[in-house]
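In the numbering used here, the protein residues as written are 440 to 510.
Yeah, the Cβ is synthetic: ideal placement off N, Cα and C, and Gly gets one too.
Just so we're clear, the structure is a prediction, and the values are computed from it rather than from any experiment.
Have a look at the structure below before the remarks.
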Amino acid sequence: MSNKLDAEQRFAEKAVRYTRRAYQASLSSGQNVIEIVDGNLVETCANGDVRILKKAPPKHRVSVGMKLKVT
Numbered sequence: 440m441s442n443k444l445d446a447e448q449r450f451a452e453k454a455v456r457y458t459r460r461a462y463q464a465s466l467s468s469g470q471n472v473i474e475i476v477d478g479n480l481v482e483t484c485a486n487g488d489v490r491i492l493k494k495a496p497p498k499h500r501v502s503v504g505m506k507l508k509v510t
């Protein structure tokens with residue numbers, strides 16, 4: 440069981456690292472990046488300007504304790 444948790448943790452760490460690299464590479468190449476920050480859809484420009492596009496609606500409402508099935 441410990442091996443599986445270690446593998447999941449390593450995978451999560453790599454996902455964070457590669458997402459950060461993609462974000463930085465996009466900005467470095469002059470592209471704009473759109474992301475959700477504090478519940479808002481935000482565009483970050485390559486020159487550092489940040490613009491709030493709109494309020495991001497919640498994707499799904501889930502009750503506390505609700506069991507989800509991942510398919």
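Between the alpha carbons of residue i and residue j, how many angstroms are there, rounded?
| i | j | result |
| --- | --- | --- |
| Met492 | Val476 | For the record, residue 492 in the displayed sequence is Leu; it is not Met. Distance between the alpha carbons of Leu492 and Val476 is about 11 angstroms. |
| Gly487 | Pro497 | 27 angstroms |
| Val481 | Glu452 | 24 angstroms |
| Ala495 | Ala446 | 33 angstroms |
| Gly469 | Arg459 | 16 angstroms |
| Tyr457 | Phe450 | 11 angstroms |
| Ser467 | Ala485 | 7 angstroms |
| Tyr462 | Met505 | 33 angstroms |
| Asn478 | Val489 | Strictly speaking, residue 478 in this sequence is Gly, with Asn absent from that position. Their Cα atoms are separated by approximately 15 angstroms. |
On the premise that residue j lies in contact with residue i, defined as a C-beta separation below 8 angstroms, what is that separation, rounded to the nearest angstrom?
| i | j | result |
| --- | --- | --- |
| Val455 | Ser465 | Not really, about 16 angstroms apart at Cβ, beyond 8 angstroms. |
What are the uninterrupted segments assigned as beta strand (DSSP E) that are 3 or more residues long and contained completely in the region 446-506, given in chain order? 472-476, 479-483 and 489-494, all fully within the region 446-506.
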